[in-house]
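Numbering (mature numbering (1 follows the signal peptide of the UniProt record, and there is no 0)) for the sequence shown: -20 to -1, 1 to 191.
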Amino acid sequence: MRFNQSVCLFTFLLLFSSCSDDFLLNRTGADYFPLKKGCAWTYAVDGESVWVEVIGDSNAYGHFVTVVTRNFVEEYWLEERGKVKKFVAFLDTMIYQTGDTIEMGYKLIYQFPLVNQARWEDKELDTVVVAGDSFQHLYTLEGTSLYFGTVNSYSDCYKVEFYEMRELIALSDTNRRYRFSDSWVEFLAPGVGVVRRERGGKVENLVSFQQ
């Protein structure tokens, strides 16, 4: 009798473990950042609306990318295996305030699949010229994903914490250093994408989504 009970218990645990693994694989394999043509999101922030829409594919800055508009301003997103990058241009708005482009390129934003307590980073070190002066330029972006649960009625959400930093050091005088940093939080739901974003003291909440 005890032998039969042990066999039943072992079989139950094996099936439970298998179901749990399947659930985890399905959850982490879900599309938490859909970049399919026609997908559109409307967010509410400070009593105003933000419209985001996937327009389609194009070539931009040497890559075949997906074009997304945010309030009708184009953004360029690059999908690689397990990674999603965004084209970013860093302008001189604080050093000499020339408005010139200091550095630009595709930067890692998301790394998939999302797993609880997973971490990723993108680091670059190069030399840039600003208004005729040469600087060593260090760029860092760090991301951390945490399983969160339900957000704005969307289940199986992940909270992703971001930290971005740039540092410029003048080659002619290493005491001249300029540091810029930013941090923000996003909540992503499977099959939907970003359902909430907290950045710069503002909160964006998803109002509607269509695909």
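The beta-carbon is built from N, C-alpha and C at its ideal position, and this holds for glycine as well.
C-beta atoms of S125 and V108 nearer than 9 Å: Not a contact, by the Cβ cut-off of 9 Å.
Per-residue burial, G27 [other beta carbons within 10 Å of its own, 16 or more giving buried]: Answer is exposed; the Cβ neighbour count stays below 16.
Within 9 Å, strictly: CB atoms of F70 and Y41: F70 is not a Cβ neighbour of Y41, given a cutoff of 9 Å.
Given S163 as reference, the closest of C137, F142, E122 once Cα atoms are compared: The option with the nearest alpha carbon to S163 is F142.
Residue 192, enclosing beta strand (DSSP E) - first and last residue: In the structure as shown, the chain starts at -20 and stops at 191, and residue 192 therefore has no counterpart that could be examined.
Euclidean distance between Cα positions of T8 and V64: Note that T8 scores a pLDDT of 49, beneath 50, so its modelled location is shaky; the value from the coordinates is reported in the next line. Distance between the alpha carbons of T8 and V64 is about 15 Å.
As assigned by DSSP and simplified to three states, the class of E55: Three-state DSSP puts E55 in a strand.
Identity of the residues DSSP links to L105 by a beta bridge: DSSP, once it has assigned bridges, lists L118 as partnering L105.
Span separating the alpha-carbon of F3 from that of E55: Low local confidence applies: a pLDDT of 43 at F3 is under 50, so the model's placement there is unreliable, and no value is given.
Range covered by the beta strand (DSSP E) that runs through M84: That run of the beta strand (DSSP E) goes 81 to 91.
Nearest candidate by alpha-carbon position, reference A98, set H117, G123, G112: Comparing Cα positions, the closest option is G123.
Neighbourhood of K16 by C-beta distance below 8 Å, restricted to the same chain and skipping five residues each side: The residues are V34, Q191.
Length of the line joining the Cα atoms of V95 and G112: Answer to the nearest angstrom: the Cα atoms are 45 Å apart.
Exposure of Q91, with buried meaning 16 or more beta-carbon neighbours within 10 Å: With 16 or more Cβ atoms within 10 Å of its Cβ, Q91 is classed as buried.
Neighbour-count burial assignment, D136, 16 or more Cβ in a 10 Å radius: D136 is buried by the Cβ-count criterion.
CB of L88 within 9 Å of CB of Q116, strictly: It is not a contact, given that the beta carbons lie outside the stated cut-off.
Residue range of the unbroken beta strand (DSSP E) whose run includes C137: Looking at the DSSP string, the run of the beta strand (DSSP E) that includes C137 is 134 to 150.
Closest by C-alpha distance to R157, when choosing among A24, L118, F128, D11: In this structure, L118 is the residue among A24, L118, F128, D11 with its C-alpha nearest to the C-alpha of R157.
N39, enclosing beta strand (DSSP E) - first and last residue: Note, N39: beta strand (DSSP E), 28 to 40.
7 Å Cβ shell around S38 - same chain, five flanking residues per side excluded: Excluding positions up to five away in sequence, the list reads V45, V47.
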